[in-house]
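Okay, structure coming up:
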């Protein structure tokens, strides 16, 4: 399973100028047989070889590329066991002995890129969009907990308490019945408190983005009331219709609908928060260039990315500032620049190295005022100085 630590390692990997092959392959068994995804892999390999030949790659570069593609083909055909995996992300730089293979529980779009760094945008988008969720199911005697990570569900350690059943309706023991009922209520309360403590430990360990509650109608309200403020803030909804004996796949199906709804609401909230604090001296920026400037200063707390946008741009060779529009660097005025094929991709990579949170917003999300990137900031940006290039010294010899 891929982690953010793995992604940061990919971003920070220095290939020392050697090409890195990044290949994503959809191996979802519901739509592709092994023969079919092997055919797709062959097409990707053939297309990248054709592309590199058209670019005029020399013999050494072509040999290195062939070694990488051969290793990828060997891995998919001989070593990879699909089981329940639905996606593959492979990164190879044989020149430097670099190889990473990530099996993914969620399908990815087929793509291959050859560059001097790993292409991580699809991986980051997948991790940002799905995130990590936790489901907590509680009834009168048991509590079950599940972690949903990148579309895969795992059942965690639960608990079982010995709580007796209710007193039978119509009993003739009177006051004794009331005392027994009160004792049972207290045992249920202690059981629910145990469940909250279990959930808190799981949340501390797994750090989920959200929590979904489920359980019996007579216990669930009490469970919600006993949650700490920190746990309550993570709750995004309830999954109804689950039984105590539900299989993990059933829990996953019920929870995913709640997760999709919560993601849409979370995206809208994130953009609304940025708009509320945006402006001169504010803690939010909505334009791509303003966000790139915030990354330059290391000010980004959460980067918001429109996954549908790709933008070319520039990087200043003097100060390193990236920008999407204009000729000279808007920060220092330097006119010498490097071309950046996709400033969105580069911004995501930079945000990862700065430990910023990253949110890819879905196609249905509101984008008012956003042209590709936006961000919440740790601190306000310094006021941009209007850079004026020094006047050129006159050539005194020409005036003699």
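Residue numbers (our numbering): 6 to 405.
The C-beta atom is built at its ideal place from N, Cα and C for all residues, glycine as well.
Judging by CA-CA distance, which residue of the options is the nearest neighbour of residue i?
| i | options | result |
| --- | --- | --- |
| residue 17 | 257, 103 and 117 | 103 |
| residue 249 | 20, 197 and 142 | 142 |
| residue 162 | 211, 192 and 382 | 211 |
| residue 221 | 202, 193, 233 and 59 | 193 |
| residue 302 | 352, 313, 318 and 26 | 352 |
| residue 256 | 389, 63, 191 and 153 | 153 |
| residue 98 | 131, 76, 91 and 84 | 76 |
| residue 363 | 20, 273, 244 and 132 | 132 |
| residue 113 | 217, 155, 84 and 329 | 155 |
| residue 244 | 88, 258, 232 and 234 | 258 |
| residue 382 | 329, 365 and 359 | 359 |
| residue 355 | 388, 297, 191 and 121 | 297 |
| residue 100 | 215, 110, 121 and 115 | 121 |
| residue 218 | 242, 84, 53 and 60 | 242 |
| residue 137 | 265, 338, 389 and 281 | 265 |
| residue 115 | 63, 41, 134 and 135 | 41 |
| residue 190 | 78, 84, 279 and 146 | 146 |
| residue 134 | 280, 271, 331 and 204 | 271 |
| residue 233 | 247, 251 and 203 | 203 |
| residue 314 | 50, 357 and 377 | 377 |
If you draw a straight line from the C-alpha of residue i to the C-alpha of residue j, how long is it?
| i | j | result |
| --- | --- | --- |
| residue 321 | residue 347 | 15 Å |
| residue 295 | residue 267 | 28 Å |
| residue 32 | residue 300 | 35 Å |
| residue 43 | residue 81 | 8 Å |
| residue 105 | residue 96 | 5 Å |
| residue 29 | residue 237 | 37 Å |
| residue 379 | residue 344 | 22 Å |
| residue 394 | residue 68 | The pLDDT assigned to residue 394 is 47, lower than 50, so where the model puts this residue is not dependable; a value taken from the coordinates is nonetheless given after this. Whole-angstrom Cα-Cα distance: 46 Å. |
| residue 117 | residue 27 | 6 Å |
| residue 108 | residue 325 | 35 Å |
| residue 195 | residue 127 | 45 Å |
| residue 65 | residue 253 | 51 Å |
| residue 206 | residue 160 | 14 Å |
| residue 286 | residue 239 | 30 Å |
| residue 123 | residue 14 | 10 Å |
| residue 164 | residue 230 | 19 Å |
| residue 386 | residue 57 | 42 Å |
| residue 277 | residue 20 | 40 Å |
| residue 157 | residue 216 | 15 Å |
| residue 73 | residue 61 | 18 Å |
| residue 8 | residue 235 | 24 Å |
| residue 34 | residue 89 | 8 Å |
| residue 389 | residue 366 | 28 Å |
| residue 111 | residue 384 | 36 Å |
| residue 45 | residue 275 | 37 Å |
| residue 48 | residue 22 | 26 Å |
Throw me the rounded Cβ distance for the residue i and residue j pair, which I believe falls under 8 Å.
| i | j | result |
| --- | --- | --- |
| residue 70 | residue 24 | 6 Å |
| residue 213 | residue 139 | 4 Å |
| residue 12 | residue 129 | 6 Å |
| residue 316 | residue 375 | Their Cβ separation, rounded to whole angstroms, is 12 Å, which puts residue 316 and residue 375 out of contact at 8 Å. |
| residue 200 | residue 148 | 4 Å |
| residue 361 | residue 288 | Not quite, the Cβ-Cβ distance comes to about 14 Å (not below 8 Å), so this is no contact. |
| residue 197 | residue 228 | 5 Å |
| residue 449 | residue 310 | What is shown of the chain runs 6 to 405, which leaves residue 449 out entirely. |
| residue 167 | residue 224 | No, residue 167 and residue 224 are not in contact; Cβ-Cβ is about 15 Å, not under 8 Å. |
| residue 340 | residue 333 | 5 Å |
| residue 328 | residue 318 | 6 Å |
| residue 39 | residue 87 | 7 Å |
| residue 5 | residue 78 | Not covered by the structure: residue 5. The range shown for the chain is 6 to 405. |
Starting from residue i, trace the beta strand (DSSP E) in both directions and tell me its first and last residue.
| i | result |
| --- | --- |
| residue 307 | 305-311 |
| residue 159 | 157-160 |
| residue 154 | 147-154 |
| residue 18 | Unbroken run through residue 18: none, as it is neither H nor E. |
| residue 357 | First-last for residue 357: 348-358, but that is the alpha helix (DSSP H), not the beta strand (DSSP E). |
| residue 27 | 25-31 |
| residue 237 | Element bounds for residue 237: not the beta strand (DSSP E) but the alpha helix (DSSP H), 234-239. |
| residue 343 | 342-345 |
| residue 321 | 318-321 |
| residue 36 | Element bounds for residue 36: n/a, residue is neither H nor E. |
| residue 219 | 215-220 |
| residue 381 | 378-382 |
| residue 365 | 362-366 |
Just reading off the alpha helix (DSSP H) that residue i is part of, what are its end residues?
| i | result |
| --- | --- |
| residue 77 | 64-79 |
| residue 59 | 39-59 |
| residue 230 | 225-231 |
Give a single yes or no on whether residue i has its beta carbon closer than 8 Å to a heavy atom of the ligand NAP.
| i | result |
| --- | --- |
| residue 152 | What this structure holds is no ligand at all, so the ligand NAP is not there to describe. |
Can a CB atom of chain C be found closer than 9 Å to the CB of residue i?
| i | result |
| --- | --- |
| residue 56 | The structure shown has no chain C; it contains just one protein chain. |
(request) Tell me the start and end of each unbroken alpha helix (DSSP H) in the segment 87-139 that is at least 4 residues and wholly inside, in chain order. (result) 126-135
(request) Note down, one range per segment and in chain order, each alpha helix (DSSP H) of at least 4 residues found wholly within the segment 256-302. (result) 293-301
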